[in-house]
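In the numbering used here, the protein residues as written are 9 to 106.
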């Protein structure tokens with residue numbers, strides 16, 4: 009598995025886990041408000057299209073090269089800062105508008 013494919017797979021897994029967490033923690037609440045009714049359809053004859061496709065060969069890889077990277081020496085000190093907070097009320101919480 010290439011690095012790009014591995015990165016794409018990791019992003020997909022994180023996105024799926026974020027969606028699952030949104031539902032699990034009540035950030036998203038979905039209620040069905042109407043049932044599905046499919047239309048009446050009548051189909052006769054027809055033909056599926058055919059295609060002859062030739063694709064280019066693509067090779068993806070990596071190469072190593074030298075890049076000038078600066079080195080930085082930084083002195084740090086602890087400073088008190090005010091950080092934002094987030095209060096989440098579940099979407100299905102009857103008291104969320106209080």
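We put the beta carbon where it would ideally sit given N, CA and C, even for glycine.
Starting from residue i and walking both ways along the alpha helix (DSSP H), at which residues does that stretch end?
{"i": "residue 22", "result": "11 to 32"}
Can you give the Cα-Cα distance for residue i and residue j, rounded to whole angstroms?
{"i": "residue 19", "j": "residue 26", "result": "10 angstroms"}
{"i": "residue 77", "j": "residue 22", "result": "31 angstroms"}
{"i": "residue 10", "j": "residue 69", "result": "8 angstroms"}
{"i": "residue 14", "j": "residue 24", "result": "15 angstroms"}
Assuming contact is defined by CB atoms lying nearer than 9 angstroms, are residue i and residue j in contact in what I supplied?
{"i": "residue 37", "j": "residue 100", "result": "yes"}
{"i": "residue 42", "j": "residue 35", "result": "no"}
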